[in-house]
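*Asks:* Numbering (our numbering), first residue to last: 10 to 123. Note that beta-carbon positions come from the ideal geometry of N, C-alpha and C, so glycine has one too. Remember, it's a predicted structure, so these values are computed and weren't measured experimentally.
1. So residue 90 and residue 71 are supposed to be a Cβ contact under 8 angstroms. How far apart are they, rounded?
2. So, with DSSP's three-state summary, where would you put residue 77?
3. Using alpha carbons as the reference points, say which of 28, 23 and 67 lies closest to residue 49.
4. Mind checking residue 77: buried by the 16 CB within 10 Å criterion, or exposed?
5. Looking only at C-alpha atoms, which of 74, 20 and 101 sits nearest to residue 62?
6. With distance defined between alpha-carbon atoms, name the residue in 44, 41, 59 and 32 nearest to residue 11.
7. Which residue's Cα is closest to the Cα of residue 15: 42, 41, 52 and 33?
8. Check this for me: beta carbons of residue 65 and residue 73, under 8 angstroms apart or not?
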């Protein structure tokens with residue numbers, strides 16, 4: 010149930026943005042989220058990770074037109090970030106993932122040595 014609510018909220022954001030800009034939902038996802046097929050996957054009911062949803066909302070907020078109010082009853086709008094801020098945030102997340110993977114590696118190697 011929670012996924013369907015979240016799915017409808019992100020699609021509503023993309024629809025509002027698209028209606029304002031004269032774009033389809035798929036075009037909003039392609040142009041501003043970088044994943045044109047994500048819209049179709051959402052419509053078809055595929056699951057998604059919370060971190061992915063957070064990123065999509067952030068990317069829409071970054072590109073949101075100044076003359077278009079953020080929809081009421083939707084996600085709280087995150088503060089828009091510049092491209093450099095997004096790249097820095099992405100780099101931190103990549104480094105955290107790499108560190109977590111490296112921390113697990115020795116445990117796997119020790120288990121295999123026994």
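*Replies:* In brief:
1. Here residue 90 refers to the residue found at position 81 of the chain shown. Here residue 71 refers to the residue found at position 62 of the chain shown. Sure, about 6 angstroms apart at Cβ, within 8 angstroms.
2. Taking the first residue of the chain shown as 1, we reach residue 77 at position 68. Here residue 77 sits in coil by DSSP.
3. Taking the first residue of the chain shown as 1, we reach residue 49 at position 40. If we check each option's Cα against that of residue 49, 23 comes out closest.
4. Taking the first residue of the chain shown as position 1, residue 77 is located at position 68. Exposed: under 16 other Cβ atoms inside 10 Å.
5. As a first step, residue 62 must be located in the chain shown, where it is residue number 53. That would be 20, whose Cα lies nearest to the Cα of residue 62.
6. As a position in the chain shown, residue 11 is number 2, starting the count at 1. Among 44, 41, 59 and 32, the Cα nearest to that of residue 11 belongs to 59.
7. Taking the chain shown and counting its residues from 1, the one referred to as residue 15 is at position 6. It is 52.
8. Stepping through the chain shown from its first residue, residue 65 is reached at position 56. Stepping through the chain shown from its first residue, residue 73 is reached at position 64. Not a contact, by the Cβ cut-off of 8 angstroms.
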